[in-house]
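Sequence positions in the sequence shown follow this note's numbering and run 74 to 269.
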Amino acid sequence: QFTQQYQPAACNSNPTPCKDPTDKLFTVHGLWPSNKIGGDPEYCKIRNPRKRAKKLEPQLEIIWPNVLDRTNHTGFWSRQWKKHGACGYPTIQNENDYFETVIKMYITEKQNVSRILSNAKIEPDGKSRALVDIENAIRNGTNNKLPKLKCQKKTRVTELVEITLCSDKNRAHFIDCPNPFLPGSPYLCPNNSIHY
Numbered sequence: 074q075f076t077q078q079y080q081p082a083a084c085n086s087n088p089t090p091c092k093d094p095t096d097k098l099f100t101v102h103g104l105w106p107s108n109k110i111g112g113d114p115e116y117c118k119i120r121n122p123r124k125r126a127k128k129l130e131p132q133l134e135i136i137w138p139n140v141l142d143r144t145n146h147t148g149f150w151s152r153q154w155k156k157h158g159a160c161g162y163p164t165i166q167n168e169n170d171y172f173e174t175v176i177k178m179y180i181t182e183k184q185n186v187s188r189i190l191s192n193a194k195i196e197p198d199g200k201s202r203a204l205v206d207i208e209n210a211i212r213n214g215t216n217n218k219l220p221k222l223k224c225q226k227k228t229r230v231t232e233l234v235e236i237t238l239c240s241d242k243n244r245a246h247f248i249d250c251p252n253p254f255l256p257g258s259p260y261l262c263p264n265n266s267i268h269y
């Protein structure tokens, strides 16, 4: 699961306010191995200790900032690697490979959700949107595969917080995202009136 968060909504949905102003775009929240059924793996054994190369950090600061605390990107990345990334073995070989993979997916493979939405003329202008319009825009950029959307209602407004793109185990093909939010979940997106 390649999850990207819309910065303003991620800050609005967090109990602790963000320390810095946000950008109106989706940036990486994480790359998380998952199971089609059952819970997703977490905190797996690190099999190859190769660390993240410092040369990746300037790119990561742009595409994968710690939105909640921009003074601590490295702590955020480290937590994501330990909690999720290590579970991607053998597809993800080590910490450096994990971060190189994310950069490749976001930039080279054009899995940037902001760009996909913009190509469908859906811009971050605070307008109310229909769920089907957002899903169709993402489907057009992912070979007609269903994304996983996370929304959150704050006061009377429901905001689009995250969009997840899913691929097969080898990251060769997009797949429909498993485990959508179920009715009754506070993160389920309504059919209409989603603000982005």
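We put the CB at the ideal spot given by N, CA and C, even for glycine.
A Cβ-Cβ separation of about 7 Å places V140 in contact with T100 under the 8 Å criterion.
Secondary structure at T144: coil, using DSSP grouped into helix, strand and coil. S86 is positioned such that its CB atom lies no closer than 8 Å to that of Q184. Beta-bridge partners assigned by DSSP to H268: S201 and E232.
About 15 Å separates the Cβ atoms of T228 and P263, ruling out a contact at the 8 Å cut-off. The C-beta separation of F75 from L104 comes to about 5 Å, placing the pair in contact by the 8 Å criterion. Taking a C-beta distance under 8 Å as the contact criterion, K124 and E168 qualify as a contact pair. Beta-bridge partners assigned by DSSP to I248: C239.
Secondary structure at F99: strand, using DSSP grouped into helix, strand and coil.
One Cα belongs to R120, the other to Q132, and the distance between them is close to 25 Å.
Sorting S107, T181 and E134 by C-alpha distance to the C-alpha of K156 places S107 at the top.
Contact annotation: N243 and T174 have beta-carbon atoms that are not nearer than 8 Å.
In the DSSP assignment, Y79 is bridged to F99. Closest in alpha carbon position to L190, among C250, S201, F172 and R212, is R212. Here C224 carries a strand assignment [DSSP, helix/strand/coil]. Annotation for D170: the continuous alpha helix (DSSP H) segment containing it runs E168 to I176. At a Cβ-Cβ threshold of 8 Å, K218 and F247 count as neighbours. Proximity to D241 across P251, L233 and I135 peaks at P251, based on C-alpha coordinates.
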